[in-house]
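One structure is given here, and the rest of the page talks about it.
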Amino acid sequence: MTEDLSPAERYAAARRRAAEQATALASFREMYDFGLDPFQIEACQALEAGKGVLVAAPTGSGKTIVGEFAVHLALQQGKKCFYTTPIKALSNQKYQDLAKRYGADKVGLLTGDNSVNSDAPVVVMTTEVLRNMLYAGSQALRNLGYVVMDEVHYLSDRFRGAVWEEVIIHLQESVTLVSLSATVSNAEEFGDWLDTVRGSTEVIVSEHRPVPLFQHVLAGRRMYDLFEEGEGSKKAVNPDLTRMARMEASRPSYQDRRRGRAMREADRERERRQRSRIWTPGRPEVIDRLDAAGLLPAITFIFSRAACEAAVQQCLFAGLRLNSEDARAEVREIVEARTASIPDEDLHVLGYYEWLEGLERGIACHHAGMLPTFKEVVEELFVRGLVKAVFATETLALGINMPARSVVLEKLVKWNGEQHADITPGEYTQLTGRAGRRGIDVEGHAVVLWQRGFSPEHLAGLAGTRTYPLRSSFKPSYNMAVNLVGQFGRHRSRELLETSFAQFQADKSVVGISRQVQKNEEGLEGYKESMTCHLGDFDEYARLRRELKDRETDLAKQGAAQRRVQAAAALEKLKPGDVIHVPTGKFAGLALVLDPGLPAGRTNGHRGFEHHDGPRPLVLTAERQVKRLGSIDFPVPVEVLERMRIPKSFNSRSPQSRRDLASALRTKAGHIVPDRHRKGRAPAADDREIARLRAELRAHPCHGCSDREDHARWAERYHRLHRDTAQLERRIEGRTNTIARTFDRIVKLLTEMDYLRGDEVTEHGKRLARLYGELDLLASECLRDGVWEGLDPAELAACVSALVFEARAADDALAPKVPSGKAKAALGEMVRIWGRLDALEEDFRINQAEGVGQREPDLGFAWAAYQWASGRGLDEVLREAEMPAGDFVRWCKQVIDVLGQIAAAAPRESTVARNARKAVDGLLRGVVAYSSVG
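Using our numbering, read the sequence shown as starting at 72 and increasing by one per residue.
Written out as structure tokens, the structure reads:
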């Protein structure tokens, strides 16, 4: 080709090549034995040009390459690079990757419970650690050139998302930000915000999956493609699946057949054939089918920890073996090496031998309830290809790099904490993004199991939609407020919070509403012109008409309410044996009261039917029906016509008893004609306000206008549109400066409690500034009031657990077990302090429903924390806590983290700091200490 170029063109090309080879990107590319994708090159070039970048790309597409290039640039320029991740497991994995590439002397790790070479030029850390460093003004921030925020879409997380925004807002302007995100549908909006707060930011979006993904449905013995093969971007759903779903939906039910709806022999035969083809295959059957099709390794997502454990057991009982003898031996060797530090007695408690049996066969589960060491072993074996089938909860999809050839979804419904809900297109994309290993697989496979009521169109919608919007969850907190005021003062802090992504999104949403308000105002002008009357002010006349109508409506409602009260009072006086006339409804006519059905606690000496909606008498009608009536059957007060004795032998379920008593009722009272209820004089007839308004209307000049009703119609339209416009304006006001207004309320409360004095942070405020967590203010108040003074380390651990623990299930009926003595008294005092804070928050309109404020402390982990910190064995503690080992370890580590904060924040003369450090030592043992790095 070069022979075809002119000398000038060859010279220009040579210069371009020389310029490219002189770039940092050229030397970086030489470190990899594969070529970079176009989106990676574009992002790296933007970084080298001094711009920040936002890279949004599918899972497994290699966006971390861009983060590693930032590390490369920092080392080349003699600057520091902080690489942040949302979870410790990801931090550990990234630390190992970078240490292997650049040498352990150049890479450090900071994750709250691990600190390795923290002064290194490259430090991997959790995002919370960086946030805390920014507020503390840490010396480690000096010479910081780059910050990589991996999985930046975590800022949507309801509980932790605010941390990402705090970091982005507070980083020095000189720091270049590299934001790596999953594919989100509003990347441009997020990029616009980054451009506003961080300066020039390049947005690079890649929809391309390096390994193509194929969608399947497994029904019975056969695996169907979800989409029909065809040309064009619009994919059609496989007609076989549509036909099967339609046939299943039209299949007569068992009840239909019992009702005698005969089926032709041909229909029965077709149904038998269809049923033999369609069923939901069992878990061992699914793995066996994938193995036969060469689609292992696979991750099966099941939205339940217990079901993940059960799936492994089902595969073991079915005799599944996915590993050869050599692989089994290799698995045992790796597992024994990784678990060598765990004592034998703990291994028994942790179900080690059952777990090992599954691993040797190539089968495992993965969920948050597992011991971290066990999870790490499963991850390592899966990546090595020694575990081929993993049953996992959705947390794996958000975590570490663990790609598979196939991903299986048992159901498209999951429990969201409140109800069973369909998974969203974003969640489906996140889960199936694990399918297809770059450099290993030619294609990835997503398999959904056929379930009763399955809709191929619904699945096609999930698979074909890329809606995963990034929504800010940013909310100011007490700790954030004192840290900001301490660093910047109140006014500057307020301005900073106004730059949050949450406010950016709120302000953008206001634009559309503002346009609607403008349209409405134009409409109002037109309506006003149409309702103009030459005789006088029609707006005033219309106001009088509305006032009259509103007054008449109010009086009518009051009259109806009064009649309901009178009717209920009459029902309350009924007794068994009263003969009444039911005025309206399906059972109108003569009736005998069997049970007055009074509300609980108002039974007139009778054991009534207990309910809370007023009396509901049980009656026998003259037509022999026994029914319980409600207030709707008595729009007017009921009168007793006669009294009858109800035989003791009467049984409402016996037709003969009902017939005899109904006959006696007709004989006794059938001749009585009830008095007709006369309606009283309407309240409006004697109302002075109505009389005044009617007089004013008749006297108004517009009353005599020949076009009065036409004007009135325009006036009514004007009024409705004016009301709607006022509502829109209130919405705009509610969304503008929302973050700053919440901050103002928090500052007022903190000022009231002497944490702040104007722009000055008091000693109490400085203590609060060191306490990070959901219950930061409660922890500070406990230190301030000396609630934890005199507690031994184990008792202190029990109390601090209430600040972090949240039960997974709804509130239990039984009160949790807590340590006795001083710990019990201290926990009680913590709950009382929380009650005081809760009342204060209500006074200052700080709303927990909006994610701001202090939730009630949860005492559910206090006994387990006390037992473990007291030196009890794992078997005893887990048995009494009724909690999986992984959950126990996670909560212990969170307690340790807060104890460390308390040790740093407690007054020097206090015993709390010393005992907090001792409590950390008491908790950080055994399984809790088995988190390893490297």
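For every residue, glycine included, the Cβ atom is placed at its ideal position computed from N, Cα and C. Here the structure is a predicted model, which means the values were calculated and not measured.
Work out the CA separation of Thr796 and Ala811 for me, nearest whole Å.
-> 25 Å
Under 8 Å between the Cβ atoms of Phe298 and Leu568?
-> no
Taking DSSP as the reference, what is the three-state secondary structure of Thr738?
-> helix
When we look at the beta-carbon of Asn203 and count the other beta-carbons within 10 Å, is it buried (16 or more) or exposed?
-> A residue is called buried once 16 or more other Cβ atoms fall within 10 Å of its Cβ, and Asn203 is buried on that count.
Straight-line CA distance for Ala316 to Gly524?
-> 7 Å
Report yes if the CB atom of Thr351 is closer than 8 Å to the CB atom of Gln522, and no otherwise.
-> yes
Can you round the beta-carbon distance between Lys151 and Pro192 to whole angstroms, since I take them to be within the 8 Å contact cut?
-> 5 Å
Run through DSSP, which three-state label would His605 get?
-> coil
Roughly how many whole angstroms lie between the Cα atoms of Phe559 and Ala987?
-> Near 31 Å, if we compare the C-alpha coordinates of Ala987 and Phe559.
Selected residue, minimal CA-CA separation from His771, among Ser981, Thr313, Gly607 and Val124 = With respect to the C-alpha of His771, the residue from Ser981, Thr313, Gly607 and Val124 having the closest C-alpha is Gly607.
According to the neighbour-count rule (16 or more other Cβ atoms, all chains shown, within 10 Å of its Cβ), is Arg784 buried or exposed?
-> exposed
Alpha carbon of Pro667 to alpha carbon of Glu713, nearest angstrom = 15 Å
Starting from Ser720, trace the beta strand (DSSP E) both ways and give me its first and last residue.
-> Careful: Ser720 lies outside any beta strand (DSSP E) and carries neither H nor E.
Near Tyr499, which residues of its chain fall below 6 Å by C-beta distance, leaving aside the five closest residues on each side in sequence?
-> Leu533
Taking His790 and Leu595 to be in contact with their CB atoms under 8 Å, please state how far apart those CB atoms are, rounded to whole angstroms.
-> About 10 Å separates the CB atoms of His790 and Leu595; that is not less than 8 Å, and the two are not in contact.
Sorted by chain position, which residues of the same chain lie with C-beta nearer than 6 Å to Ile904's C-beta, five sequence neighbours on each side aside?
-> Glu852
Please go through the same chain and pick out, in chain order, the residues whose beta-carbon is closer than 6 Å to the beta-carbon of Pro355, but skip the five residues on each side of it.
-> Gln385, Cys386, Ala389 and Leu391
Straight-line CA distance for Ser477 to Asp104?
-> 26 Å
Using the rule of at least 16 other Cβ atoms within 10 Å of the residue's Cβ for burial, across every protein chain shown, is Phe453 buried or exposed?
-> buried
Roughly how far, in whole angstroms, is the beta-carbon of Ala460 from the beta-carbon of Leu541, given that I think they are within contact range, below 8 Å?
-> About 33 Å separates the two Cβ atoms, so there is no contact after all.
State the DSSP-derived secondary structure class of Thr982, mapped to helix, strand or coil.
-> coil
Name the two residues that bound the continuous alpha helix (DSSP H) containing Ile158.
-> According to the DSSP assignment, Ile158 belongs to no alpha helix (DSSP H), since it is labelled neither H nor E.
Which first and last residues belong to the alpha helix (DSSP H) in which Val818 is found?
-> Thr809 to Glu823
With distances taken Cα to Cα, identify the nearest neighbour of Glu380 among Leu361, Gly353 and Trp426.
-> Trp426
Alpha-carbon to alpha-carbon, Ala868 and Ala896 = 14 Å
Expressed to the nearest angstrom, what Euclidean distance is found between the alpha-carbon atoms of Arg788 and Arg635?
-> Cα to Cα, the separation comes out at about 35 Å.
Proximity test, Pro368 beta-carbon vs the ligand ZN heavy atom, cut-off 7 Å = With respect to the ligand ZN, the structure shown offers nothing to examine, as it has no ligands at all.
Proximity winner among Leu691, Lys739, Arg996 and Ile703, relative to Ser725 (alpha-carbon distances) = Of the candidates Leu691, Lys739, Arg996 and Ile703, the one whose C-alpha sits nearest the C-alpha of Ser725 is Leu691.
For Gln798 and Ala517, the rounded distance between their alpha carbons = 47 Å
Can you tell me whether Asn27 is buried or exposed, with buried defined as 16 or more other CB within 10 angstroms of its CB?
-> Summary: the structure shown does not reach residue 27, with the chain confined to residues 72 through 1005, and so no result is reported for it.
Count the CB pairs spanning the stretch 248-264 and the stretch 94-113 that are closer than 8 Å, and state whether there are at least three.
-> no
Kindly indicate which three-state DSSP category Glu244 falls into: helix, strand or coil?
-> coil
Out of Gly660, Val697 and Asp704, point me to the one whose CA is closest to Arg642's CA.
-> Looking at the sequence provided, one finds Leu at residue 642 rather than Arg. In terms of CA proximity to Leu642, Asp704 leads the group Gly660, Val697 and Asp704.
Opening and closing residue of the alpha helix (DSSP H) in which Thr94 lies | Note, Thr94: premise wrong, no alpha helix (DSSP H); not H, not E.
With C-beta atoms as the reference, is Val998 less than 8 Å away from Leu945?
-> yes
Report all residues from its chain with a CB closer than 8 Å to the CB of Ala840; omit the five preceding and five following residues, and keep chain order.
-> Sequence-distant Cβ neighbours of Ala840 in its own chain, meaning closer than 8 Å and more than five residues away, are Tyr206, Asn550, Val553, Asn554, Gly557 and Val832.
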